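Numbering (the working numbering), first residue to last: 19 to 265. Note that beta-carbon positions come from the ideal geometry of N, C-alpha and C, so glycine has one too. Please read these numbers as outputs of a predicted model, since none were measured by experiment.
Right under this line is the structure:
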């Protein structure tokens, strides 16, 4: 996301559509990456399939809702959502205490489905494939960080495919408003998905996804929490500067 944001800024993409273009492109890149990551985590037996069976439908509804919001929402909304969730997760991970939890295990019934909807819509507005919000939620309910990361890879598959299609739909009319901006026109872009950006990033993502899985499982729980938390803090800070400075 931050890399796409800087690249699109240099390419002259207007501020009004830059953030949704980043989100849509990120979701497109996540498709092959999440599939490969899920396969690697699944082989290790780390994915909680029971959560997927409960969440798949509410997540899908959330993704569709997020795509509709993306068509009409102001650019600042994407940044505010990203910063709020990223920093919340960072604080939870970096300053983790056993007392900071909502329960000893994930809830049953309607509340769990509400959580699934929230994961879907927030992830679609952030372009992160479900990892950030689901990790935060699962760790607040005492699930191990390794299991949260593994299960999030499966959620990313559920979110990224319909999410990318939704952003193509959401951004199609927006591109017509900027005929002079080549980066927003076919064949470079479809709606809010940059084909150039996706093609350039996908190969490296496919290569590094299994390496990331291996590294995550090699780290201790605390090391993984600190590494992920610091990353989120840094990325969130970049978008705070953007909100304040308008760039």
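Asked: For residue 260, collect the residues of the same chain with a Cβ closer than 7 Å to its Cβ; drop the 5 residues on either side in sequence, then sort them by chain order.; Found: 97
Asked: Hey, would you say residue 18 sits closer than 7 Å to residue 121, going by beta carbons?; Found: Since the first residue of the chain shown is 19 and the last is 265, residue 18 is not available in this structure.
Asked: Should residue 76 be labelled buried (16 or more other beta-carbon atoms within 10 Å of its own) or exposed?; Found: buried
Asked: Who are the near neighbours of residue 110 in its chain, counting only those whose CB is closer than 8 Å to its CB and skipping five residues on each side?; Found: 118, 154, 157, 158 and 247
Asked: Does residue 242 come out as helix, strand or coil in the three-state DSSP assignment?; Found: helix
Asked: Going straight from the alpha carbon of residue 168 to that of residue 25, what length do you get?; Found: 30 Å
Asked: Provide the residue(s) that pair with residue 207 in DSSP beta bridges, ordered along the chain.; Found: 212
Asked: Roughly how far, in whole angstroms, is the beta-carbon of residue 202 from the beta-carbon of residue 193, given that I think they are within contact range, below 8 Å?; Found: 5 Å
Asked: Answer with buried or exposed for residue 241, where buried requires no fewer than 16 other C-beta atoms within 10 angstroms of its C-beta.; Found: exposed
Asked: Helix, strand or coil: how does DSSP classify residue 113 here?; Found: coil
Asked: Would you mind working out which of 262, 190, 62 and 227 sits nearest residue 165, comparing C-alpha positions?; Found: 62
Asked: With DSSP collapsed to three states, give me the class of residue 160.; Found: coil
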